[in-house]
Amino acid sequence: MNYENILVQQENGLGTITINRPKKLNALNKATITELHQAFDALNKDASTKVIIITGSGEKAFVAGADISEFADFSVAQGAELAKNGQDILFDFVANLSTPVIAAVNGFALGGGLELAMAAHFRVASDNAKMGLPEVSLGVIPGYGGTQRLPQLVGKGKAMEMVMTAGMIGAEEAKECGLVNHVTTQEELLPLAHKIAGKIMRNSSVAIGHAIKAINDNYTDGTNGFETEITQFGICFGTDDFKEGTTAFLEKRKAAFPGK
Ligand code: COA
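Per this note's numbering, residue 42 is the first one in the sequence shown, and the count goes up by one each step.
#1: Would Lys254 and Ile210 qualify as a contact pair, given that the criterion is a beta-carbon distance under 9 angstroms?
#2: Given that a residue counts as buried once 16 or more other Cβ atoms are within 10 Å of its Cβ, and exposed if not, what is Thr226?
#3: Taking only runs that begin and end inside the segment 202 to 281, name each unbroken beta strand (DSSP E) of 3 or more residues, in chain order.
#4: Decide if the segment 174 to 185 is in contact with the segment 144 to 152; the criterion is three or more beta carbon pairs, one per stretch, under 8 angstroms apart.
#5: Below 8 angstroms, is the gap between the Cβ of Val181 and the nearest heavy atom of the ligand COA?
#6: Considering only residues of the same chain and omitting the five flanking positions on each side of Gly187, which have a CB-CB separation below 6 angstroms?
#7: On a Cα-Cα basis, can you pick out the residue from Phe132, Arg164, Thr261 and Asp282 that is closest to Met242?
#8: Take every Cβ of the segment 90 to 97, pair it with every Cβ of the segment 231 to 246, and state whether three or more of those distances are shorter than 8 angstroms.
#9: Is Pro192 close to the ligand COA? I mean its beta-carbon at under 8 angstroms from any heavy atom of the ligand.
#10: I need the boundaries of the beta strand (DSSP E) containing Lys171, first residue and last residue.
#11: Measure the C-alpha to C-alpha separation of Arg62 and Thr272 and round it to an integer number of angstroms.
#12: Could you give the first and the last residue of the continuous beta strand (DSSP E) run that contains Ile95?
#13: Which residues does DSSP pair with Val165 in a beta bridge?
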């Protein structure tokens with residue numbers, strides 16, 4: 042597939058999506074959101090993809106937010122539709138993928154940019170990264186899941202302060218409050234993400250997909266995560282990966298998971 046706003050690579054089980062609008066600090070316009078949906082969907086459907094990394098091009102930004110120029114004159118209905126469509130096709134979509142998604146935050150991650158990083162399953166950041174939800178400074182609130190995912194990650198009080206002040210926090214503070222898992226230099230950011238991806242790839246991709254669902258159901262209205270865990274745990278017993286994992290352990294060898 043040819044994309045205009047993103048770059049997609051797939052090599053040795055690792056899919057990498059790079060948002061490629063550096064002159065606009067990788068701001069998420071409608072076309073980019075659509076392309077991101079298509080790329081995530083295609084990589085997730087390809088069973089050979091074991092991990093997906095999402096990052097931004099250039100040295101300055103992961104994503105500096107939703108593209109403000111596109112919605113400045115929207116009506117109430119158009120505003121609501123913008124948030125709903127974005128959540129449906131990108132932010133919730135990514136959060137619920139069965140393939141693990143790591144956000145490599147390589148600079149500004151603001152507004153929709155931080156919301157995209159938070160929709161990923163976890164985050165690593167470079168030491169120049171700056172993160173925040175500045176929407177109230179524009180007279181609007183986060184609309185791509187930020188009011189829900191930020192408190193889940195950093196706690197309610199810290200999220201309230203970040204949203205109300207519209208301020209940015211640096212990478213170390215983001216690590217201290219649980220927003221990112223690791224901080225490194227800009228040069229080492231992708232190598233670090235690859236190293237973590239490598240550790241993930243050694244395990245059963247099928248089991249990882251079930252684990253993502255069970256963890257997410259702790260945060261999903263109307264579902265009981267413990268019940269999901271019981272169901273998903275049971276399903277694993279019917280998979281080839283489970284047979285291979287347990288057999289390999291008992292035979293004292295490394296598992297070669299078929300991914301089924
Ligand atoms: N939407 C649209 N365009 C954006 C953008 C966004 N969210 N963020 C940056 N850009 C554009 C700028 O308009 C500028 O375009 P231009 O060169 O055509 O004028 C270009 O990206 C570079 O940004 P600039 O502001 O000149 O860089 P800077 O280093 O001075 O400042 C930021 C960087 C991130 C502090 C600043 O761009 C900013 O505040 N962006 C908006 C952040 C935001 O509010 N995001 C939430 C949106 S809901």
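Quick reminder that beta carbons are idealized off the backbone N, C-alpha and C, glycines included.
Predicted model, so just to flag it, every value in this text is computed and none were measured.
With the structure as the only source:
#1: no
#2: exposed
#3: Entirely contained in the segment 202 to 281, the beta strand (DSSP E) runs reaching 3 residues are, in chain order, 209 to 211 and 223 to 225.
#4: Touching, yes, given that three or more Cβ pairs across the two stretches are closer than 8 angstroms.
#5: The answer is yes for Val181.
#6: Glu156 and Leu174
#7: Asp282
#8: Yes, since at least three Cβ pairs between the segment 90 to 97 and the segment 231 to 246 fall closer than 8 angstroms, the two stretches touch.
#9: For the ligand COA, not one heavy atom lies less than 8 angstroms from the Cβ of Pro192.
#10: Lys171 to Gly173
#11: Going from the Cα of Arg62 to the Cα of Thr272 covers about 42 angstroms.
#12: Val92 to Gly97
#13: Ala145 and His223
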